[in-house]
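Chains as they are written, first to last, in my numbering: chain A, 1 to 429; chain B, 1 to 82. Beneath this line is the structure, given in C-alpha cells, with notes to follow.
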C-alpha cells in the first residue's frame, strides 16, 4: 500500500473526532479520520447494525461532502519518526504521515473485579449494550444492571427496549450524592431533561442506590448475583449481569505519541487523565487531545473539544478561542459527575477474595498481587497486565483497588501478527 | 438489511442477519466459550468494544481475531474455544 500523507490526522471517529474533522475540513484542510471499529460514531453513537442516525449521520455526511478520507477498522499501533503513525487495517500495516494529529480515542468502561466475574453471562454494562446493538438477542433474559455512572440508566433503558427483563439497577453511589448531582444538572441545559427521560424509560425497574455487586454465582454459567446494600446481601437470580464502573480514558495513543514521537515534550498526565486541549495548545502546536480521553465529561463536552481542536489545528485561532464559557460550564458538571461516581477503595477491597481473578488475560488472582507495592512489581512477579489486553482491564482495576499508576505503554499497542507487519518496509529497504 | 447470511460456527451451519457483529452472532448461537483462559476457564466477551480481548476467536483460519470488531460475512467460518 502506498504511503499515506494527510494534513490533519484524527485518531478516533466518535463525537470528538468527527467534530474535529468537520471543523478542520470545513476550513479547507485535508483530513483523514481512522477508527478501530467497523463503523464510525464511537461508543455513544454506536448504531444497530452500523446504520448511523441523528447527529452522527449529519457529521459523517458533512465529512463525506468535504472529501475527508475515512478509514474504519483501522488501528494506530505505533508511532514512527517524522510525524507518522503506523496503522493496521484489514491485515496490512502502513504508515500515515501527518502535519498535525488530533487524538480522540475516547473512553472505555472501568471494570472492577468481583468473585465470579469471569463466568459467561457477566458483561460490561456498555459491553452488553454494544453486543445487543451488534445483534445479540436478549429477549426475555433476566438482567441485573450494576456498577456506577450515568451509563447504567441508559443501558437499562436500552436493554428493556430490546426485550430484556431488567430486574434491578444497582448503583453504588449513595442517594445523597445522586440528589446533589441532580441539582447540579439543573445548571446545564438539557442534562436534567436527559436524566428524566432516561428515568421514565426505565420506569418499573428498581433503581437501588448505595448497592454494590459482591459476587457472581454459577457453576459454568451465571446463575445469580449477590448485591449488598446497607450491610445486607441479597442473592438475585438472573441470566445476565451488565456491570461497569463509570469510564476511563483510552490514553494509549496519547502516551505513545508523547514518549515515542515527541521527545522532550510532555503530555501532562494526572492519573489516567491526559491534558486538555488548552494545555496542549500551550505546550506544542502539532498534537491535540479532545473528548473523553482528556477527562470524562459526556458527548457535549466531546463535541466542543473536538470542534475546538479541529479549528485550532486548521489554524483558525479566533474561532477556537470562543468556547471558554461553555467549556467551563461543561467542565464543572463533569467534575460534579465524576465526584458522584467516585469509588470507595475500602468498599471494593472488602469484596475481594484471594482467588478473585484480577487479570483476565493471565488469570492472576487478587491474593497474588495484594502485597505488592506497585504495578511494575506485581507485573514482574505474576505477569499481571502482560496479556493480550496489555493491562487495559486490570490496570484501571488496580488503580481503583491499590492506587497504582499504570501509565506505561510500548508499541505495538495492540497485539499484531507478523503477517500484518510483513508488508511494511523501512526506508533502509 | 433483512437479508440472512450463512456462517459456520465450529463446523455447524447457522443463519444470521446481515450487519450482525460476529461476537453477537456467537452469543445467539449459545456459545459459552469463545476462548479458554490460561487456567482453562471458558470466557465470553466482557467489553464489547475491542478492549478486553476476551472475545477472540479464529475467523476464516486467522487466529486471535477480536470478534466484537468484525461484522459477519456470508460463508464466514468461525472456530471458538481456542
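In this text, a Cβ means the ideal position worked out from N, Cα and C, and glycines have one as well.
- By the Cβ neighbour-count rule, residue 363(A) is buried, with 16 or more other Cβ atoms within 10 Å of its own.
- Residue-level contact by beta carbon fails for residue 75(B) and chain A, as no gap is shorter than 7 Å.
- As DSSP reads the structure, residue 71(B) sits in a beta bridge with 21(B).
- Around the Cβ of residue 325(A), a 10 Å sphere holds fewer than 16 other Cβ atoms; the residue is exposed.
- By the Cβ neighbour-count rule, residue 234(A) is exposed, with fewer than 16 other Cβ atoms within 10 Å of its own.
- Here residue 54(A) is actually not in contact with residue 14(A); their C-beta atoms are around 14 Å apart, not less than 8 Å.
- By the criterion of a C-beta distance shorter than 6 Å, residue 142(A) is surrounded in its chain by 165, 167, 238 and 239, once the five residues flanking it on both sides are discounted.
- Residue 346(A) carries a helical assignment under DSSP once its states are collapsed to helix, strand and coil.
- Closest in C-alpha terms to residue 251(A), from the list 22(A), 11(A) and 60(A), comes 11(A).
- In summary, the residues of the region 50-76 of chain B whose CB is separated from some CB of chain A by less than 8 Å are 50, 51, 52, 53, 54, 56, 62, 64, 68, 69, 70 and 71, in the order they occur in the chain.
- For the region 31-51 of chain B, the beta-carbon criterion of a distance under 8 Å to any beta-carbon of chain A is satisfied by 32, 33, 37, 38, 39, 41, 42, 43, 44, 45, 46, 47, 48, 49, 50 and 51.
- Contact annotation, residue 296(A) with residue 257(A): C-beta distance approximately 21 Å; criterion of less than 8 Å not satisfied.
- Check the Cα spacing between residue 242(A) and each of 74(A), 131(A), 107(A) and 374(A): the tightest is with 131(A).
- Residue nearest to residue 205(A) within the set 247(A), 176(A) and 154(A) is 154(A) (criterion: CA-CA distance).
- With a threshold of 7 Å between beta carbons, residue 15(A) makes no contact with chain B.
- Scanning its chain for C-beta atoms nearer than 8 Å, with the 5 sequence neighbours on each side dropped, one finds around residue 323(A) the residues 304, 307 and 308, in chain order.
- A direct Cα-Cα distance of roughly 11 Å separates residue 138(A) from residue 121(A).
- Counting along the chain, the unbroken beta strand (DSSP E) around residue 108(A) starts and ends at 107-109.
- Residue 13(B) carries a strand assignment under DSSP once its states are collapsed to helix, strand and coil.
- Comparing C-alpha distances from residue 197(A) to each of 310(A), 124(A), 156(A) and 420(A) shows the shortest one belongs to 156(A).
- The C-beta distance from residue 57(B) to residue 78(B) rounds to 6 Å, short enough to fall under 8 Å.
- Using a CB distance cut-off of 7 Å, residue 118(A) counts as an interface residue toward chain B.
- In this structure, residue 341(A) places its C-beta atom within 7 Å of the C-beta atom of residue 149(A).
- Residue 147(A): member of the beta strand (DSSP E) spanning 142-148, first to last residue.
- Within the region 149-188 of chain A, the runs of alpha helix (DSSP H) at least 4 residues long that lie entirely inside it are, in chain order, 151-161 and 175-185.
- At a cut-off of 7 Å between C-beta atoms, residue 23(B) counts as an interface residue with respect to chain A.
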